[in-house]
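Notes to accompany the following structure.
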């Protein structure tokens, strides 16, 4: 039976407890509990349907990430009321969101990297920073971004707020900014618009735009901490080149990590191709280092179309980290300043789809 909502998996996956042993998993919530007003993390308890996967079809991501949303009904309702009801008592605690980036280029590159995967999404702002999590329409890939408060100067967020935005519209506004411009993001009480201010670092030019916000009902996935069988750190430019070169031959790539190194291989109608990388250290050019941490050999097949899409984030970081384990999504992580990050998760192809 082909699971609903996940077109690339050709057979049901194992129950979540058996496959990942992730019960319970603490999920540090970037939102405070709307009922109790605390930041105590929730625990991801798989719904009954996940424990009885033979009785119903479950998407790959519902099994792996445990589809939950921090008291969705209370918090979603609160968010909608807060945005449109000026008399809502909760609004008295929301003074302003103000976040200043020294270079607008950072947000421009992030949005450019994900806009072809995700159309509408929430930017969840709290005192820790700005977070984003969304899946593509096919439920094959997931995007997770975190810009820590330290990435901004200054950063102020008086109350948790979800800013629903269309990424195509946001891209149009961000194109008005030069890469070196200072970007300030503001949202007033009960916001209906997001205010973006671009300040030129070289002249007295000041540009200001208001972008309309959307009400987006979006579920959050509790992503468990996973000990991966293989972790590969490599230059992001090299990963981009490999994916582009192999896509000329095939729609899929097999990534195999072993004691001999990491091998990217594909087979198509016009021929076969393979690229093998081994661990090496370049003292003069540390950005060119390839590091492989391996606990057991692993080999999985993925869609090159999605990997090439992920590579659009290569301009954000000189290195990329690939994390693999059997029967779990591939993690592709681009590290940003400090401990901020942009992560992509991609479900593997299984069975007849390989």
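Residue numbers (the UniProt record's numbering): 1 to 354.
Beta carbons: idealized from backbone N, C-alpha and C, even for Gly.
Remember, it's a predicted structure, so these values are computed and weren't measured experimentally.
Go to residue i, then tell me how far its beta strand (DSSP E) extends in each direction, as first and last residue.
| i | result |
| --- | --- |
| residue 165 | 161-166 |
| residue 123 | 120-126 |
| residue 115 | Here residue 115 belongs to no beta strand (DSSP E), and DSSP marks it neither H nor E. |
| residue 344 | 341-346 |
| residue 332 | 330-335 |
| residue 103 | That residue, residue 103, is in no beta strand (DSSP E); it is neither H nor E in DSSP. |
| residue 252 | 252-258 |
| residue 156 | 155-157 |
| residue 324 | 319-324 |
| residue 218 | Run containing residue 218: none; DSSP gives neither H nor E here. |
| residue 285 | Careful: residue 285 lies outside any beta strand (DSSP E) and carries neither H nor E. |
| residue 135 | 129-135 |
Just to confirm before moving on: does the CB-CB distance between residue i and residue j stay below 8 Å?
| i | j | result |
| --- | --- | --- |
| residue 301 | residue 332 | no |
| residue 196 | residue 182 | no |
| residue 345 | residue 316 | no |
| residue 132 | residue 121 | yes |
| residue 328 | residue 168 | no |
| residue 163 | residue 142 | no |
| residue 233 | residue 319 | yes |
| residue 257 | residue 324 | yes |
| residue 243 | residue 311 | yes |
| residue 229 | residue 309 | no |
| residue 264 | residue 270 | no |
| residue 104 | residue 198 | yes |
| residue 108 | residue 174 | yes |
| residue 294 | residue 259 | yes |
Can you name the start and end residues of the alpha helix (DSSP H) that residue i belongs to?
| i | result |
| --- | --- |
| residue 243 | 236-247 |
With a threshold of 16 other CB atoms inside 10 Å of the CB of residue i, please say whether the residue is buried or exposed.
| i | result |
| --- | --- |
| residue 340 | buried |
| residue 154 | exposed |
| residue 139 | buried |
| residue 343 | buried |
| residue 201 | exposed |
| residue 280 | exposed |
| residue 146 | buried |
| residue 137 | exposed |
| residue 170 | buried |
| residue 101 | buried |
| residue 208 | exposed |
| residue 9 | Confidence is the limiting factor: at residue 9 the pLDDT is only 40, short of 50, which leaves the residue's position unreliable, though a coordinate-based value still follows. That one is buried. |
| residue 97 | buried |
| residue 149 | buried |
| residue 224 | buried |
| residue 231 | buried |
| residue 117 | buried |
| residue 151 | buried |
| residue 49 | Bear in mind that the predicted position of residue 49 carries a pLDDT of just 32, short of 50, making it too unreliable to give a figure here. |
| residue 272 | exposed |
| residue 172 | exposed |
| residue 348 | buried |
| residue 282 | exposed |
| residue 321 | buried |
| residue 22 | Unreliable positioning characterises residue 22 in this predicted model, as indicated by a pLDDT of 39, which lies under 50. The coordinate reading is nonetheless provided below. Per the 10 Å Cβ criterion, buried. |
| residue 203 | exposed |
State the CB to CB distance for the pair residue i and residue j, rounded to an integer number of angstroms; the pair is presumed to be in contact (CB under 8 Å).
| i | j | result |
| --- | --- | --- |
| residue 304 | residue 247 | 4 Å |
| residue 221 | residue 165 | About 19 Å; that fails the 8 Å criterion. |
| residue 236 | residue 314 | 4 Å |
| residue 277 | residue 262 | 5 Å |
| residue 130 | residue 99 | 7 Å |
| residue 161 | residue 134 | Their Cβ separation, rounded to whole angstroms, is 17 Å, which puts residue 161 and residue 134 out of contact at 8 Å. |
Who does residue i pair with in a DSSP beta bridge?
| i | result |
| --- | --- |
| residue 310 | Answer is none; residue 310 lacks a bridge partner. |
| residue 276 | 263 |
| residue 294 | 230 |
| residue 195 | 186 and 210 |
| residue 301 | 254 and 349 |
| residue 148 | 129 |
| residue 140 | Per DSSP, none; premise fails for residue 140. |
| residue 97 | 157 and 187 |
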